[in-house]
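Residue numbers (my numbering): 1 to 419. Have a look at the structure below before the remarks.
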Amino acid sequence: MMRSTPSRTNEDRRIIAGLDIGTSKIALIIGELEPDGGVSVLGVGTSPSVGLRQGVVINLDQTVDSIQRAVQEAQLTAGFEIREAVVGISGDHIQGVNSRGVVAVSGADHEIVPGDVDRVLEAATAFNLPKDRQVLHVLRQEFLVDSQAGIKNPIGISGVRLEAEVHIVTGSSTISENIVKAVEKAGISVSGLVLEPLASGEAVLDRNEKQLGVALLDVGGGTTDIVLFFDEAIRHTAVIPLGGQNVTNDIALGMKTPLDQAEDIKRRHGWAYRPLTPKSERILVPGIGGRGAREATLDVLTAVIQPRMEEIFGLAAKEIKRSEFAGRLAAGVVLTGGGSLLKGCAELAEEVFGMPVSVGVPKGFSGLVESASSPVFSTGVGLLFWSRGGPAGSAVRRSRKDRFGGIGRFLKRFMSDYF
Ligand SMILES: Nc1ncnc2c1ncn2[C@@H]1O[C@H](COP(=O)(O)OP(=O)(O)OP(=O)(O)O)[C@@H](O)[C@H]1O
Ligand SMILES: [Mg+2]
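See below:
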């Protein structure tokens, strides 16, 4: 383990960390919170997600081991040991719903105070949640005071009736508990659990895009996560259980080659969009079980890749259409995650979505800019940003012991509000 030198201690430098437990890799990003509020990336560590399937812990010891590998690598580059991290969570157990709460303003002078805001947010989350599910985020959209809509911060305003519109993200309690358990066993305490695509959005999107309306698609290994923003608030979240690993599987099956070779072929030669593919270019495809390599054209390779990417984007488009904000995405679609590195991905997506599409990389930080500026690290960098106190620096930290039952104690600094 690295030791920090006396002049660089965690005490006088504010060291922060984001731990992305993805379906294909675990990434730990260590950073420093600078006095001016900026974030500098000091270390990046990755390791394959062994012990997890689709983001769910299936072997605790292997998962702990994978986390420790990523932690050690990042600590080595950073020259700091970390004790806590904001941890990303995803998987198809995640559900997002819009909800609304109403309360009467309490004070005799009818001026809204923070206690009223707490109560109305409680009211918005007061629905019957099955025992095995927990609330991960209560994301504020807007407040209404005596039916006057469009209020972002109601404190100080006078009225009798206060309403809140929120987006609530819930997940399986046991899946979250097992993630927390694995991270704690790896020696890191969990300072918050954040839905991964929300973190990616923090790193990749700018305020303008969130204001105008944008759909963020994080195309990962096993899942494709979707978040819709409009008027700077989250309107819709969804997870599709397909990603880059499905493309690799298709190549392995379709071209009869081992999985690791299929992965390599995809990264080096893969195209998602036929019109851009140099169709007659030839590649060597190694055979299975010692069979000799065969030649194939890129046209054939694209014929394997494109349908799967079309399926993923098609399902995402369907999911986006379910939101009432589907028609209000003036900033189009932004792709991120390792799956978005596939060549021709944005062009294919433009055709499927009928909207402008770009590929987003994490930005807005200094330090190891080159290493961390990849769509693979959007979630990790976003988690780092989140650990400086939440989006726009005004997240509410409160204990929700009762609601979170067992894992409440891990979430002392729960960062749920988006504002
Ligand atoms: N250069 C590349 N070209 C094409 N695909 C790539 C490239 N680099 C990585 N990928 C793919 O990206 C996927 C992994 O992306 P990422 O690291 O964002 O996933 P993850 O965060 O582990 O998974 P998830 O977000 O689903 O939990 C893999 O399927 C991998 O094959
Ligand atoms: Mg991911």
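Virtual Cβ for every residue (Gly too), placed ideally from N, Cα, C.
- Leu139 sits in a strand when the DSSP states are folded into three classes.
- With a threshold of 16 other beta carbon atoms within 10 Å, Gly88 meets it and is buried.
- In the three-state reduction of the DSSP assignment, Ile234 falls in the strand class, which pools E and B.
- Taking non-hydrogen atoms of ligand 1 into account, the C-beta of Thr63 is found less than 7 Å away from none of them.
- Per DSSP, Glu311 is one residue of the alpha helix (DSSP H) stretching across 298–321.
- In the assembly as shown, Gly150 is an exposed residue. Its beta-carbon has fewer than 16 other beta-carbons within 10 Å.
- A distance below 8 Å separates the beta carbons of Leu217 and Val333.
- Bridge pairing for Ser147: absent [DSSP].
- Under the DSSP assignment, Lys266 falls in the alpha helix (DSSP H) whose first and last residues are 259–269.
- Under the DSSP definition of a beta bridge, Val214 partners with Phe229.
- Membership of Leu205 in any beta strand (DSSP E) is not indicated, and neither H nor E is assigned to it by DSSP.
- Within a 10 Å sphere around the beta-carbon of Pro362 sit 16 or more other beta-carbons, which makes this residue buried.
- Residue pairing for Glu84: DSSP places it in a beta bridge opposite Ser189.
- Here the alpha carbon of Ser374 sits roughly 39 Å from the alpha carbon of Phe127.
- Where Arg282 is concerned, the enclosing beta strand (DSSP E) starts and stops at 282–285.
- When DSSP states are grouped into helix, strand and coil, Ala326 belongs to the helix group.
- With contacts defined by Cβ atoms closer than 8 Å, Gly222 and Phe325 do not form a contacting pair.
- Around the C-beta of Val381, 16 or more other C-beta atoms lie within 10 Å, and the residue is accordingly described as buried.
- If you draw a 10 Å sphere on the C-beta of Ser49, you find 16 or more other C-beta atoms in it, and that means buried.
- By the Cβ neighbour-count rule, Pro197 is buried, with 16 or more other Cβ atoms within 10 Å of its own.
- In the structure shown, the three-state DSSP call for Asp61 is helix.
- No heavy atom of ligand 1 is found nearer than 7 Å to the CB of Arg308.
- Contact holds between the segment 161–174 and the segment 90–108, because three or more Cβ pairs, one in each stretch, are under 8 Å apart.
- Gly337 has its CB nearer than 7 Å to a heavy atom of ligand 1.
- For the 8 Å CB-CB criterion, Ile312 and Val183 do not form a contact.
- With a cut-off of 7 Å, the C-beta of Gly220 is classified as near ligand 2, since at least one heavy atom of the ligand falls inside that distance.
- Under DSSP, the beta-bridge partners assigned to Leu162 are Val103, Val145.
- With fewer than 16 other CB atoms across the displayed protein chains lying within 10 angstroms of its CB, Leu253 is exposed.
- Proximity of the beta carbon of Gly18 to ligand 2 is not indicated: no heavy atom of the ligand is located closer than 7 Å.
- Nearest Cα to Lys318 within the set Ile288, Gly354, Gly338: Gly354.
- With a beta-carbon spacing of about 5 Å, Glu281 and Leu298 fall inside the 8 Å limit used to define contacts.
- Residue range 378–386 is occupied by the alpha helix (DSSP H) that includes Val381.
- In this structure, the beta-carbon distance from Val71 to Ala186 falls below 8 Å.
- Per DSSP, Ile251 is one residue of the alpha helix (DSSP H) stretching across 244–254.
- DSSP, read as helix, strand or coil, puts Asn178 in helix.
- In this structure, the CA atom of Ile58 is about 5 Å from the CA atom of Leu52.
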